[in-house]
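Right, one structure below, let's go through it.
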Amino acid sequence: MSCLDCRTALSAELDGEEPGHSPHAVRVHLHTCEHCGTWLSAARGLQRLVGELMGARYQDGENRMPDRIGQGARG
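Heads up: the sequence shown begins at 1 in the UniProt record's numbering, then just goes up one per residue.
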């Protein structure tokens with residue numbers, strides 16, 4: 001499994017989508033590739049951060065992405 005395949009599968013899994021690869025193959029790759037393990041940790045951190053920011057917006061009664069996140073996505 002390539003790093004691209006692994007990261008694509010992990011990204012899909014984090015989004016609650018079908019990963020497209022066997023979970024076993026992804027886990028084997030993660031155990032042998034430090035770079036993908038680091039990528040997964042960063043992706044989980046980003047997911048938590050976005051969840052916290054979105055949760056704060058929803059508590060305030062706004063149902064949109066915080067402006068600073070949208071600006072960062074645009075570059």
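Heads up, the beta-carbon is just placed ideally off N, CA and C, and yes, glycines get one too.
Keep in mind the model is a prediction, meaning the values are calculated, not measured.
### Query
Going by Cα to Cα distance, which pick from 49, 17, 25 is closest to residue 5?
25
### Message
Excluding the 5 residues flanking residue 37 on each side, which residues of the same chain have their C-beta closer than 7 Å to its C-beta?
### Response
Excluding sequence neighbours, residue 37 sits near 30.
#### Entry: Check whether residue 23 and residue 8 have beta carbons under 9 Å apart
The answer is no: Cβ separation not under 9 Å.
### Message
Suppose only complete runs of 4+ residues qualify. What are the alpha helix (DSSP H) ranges in the UniProt domain "Putative zinc-finger" (3–36), listed by chain order?
### Response
3–14, 23–32
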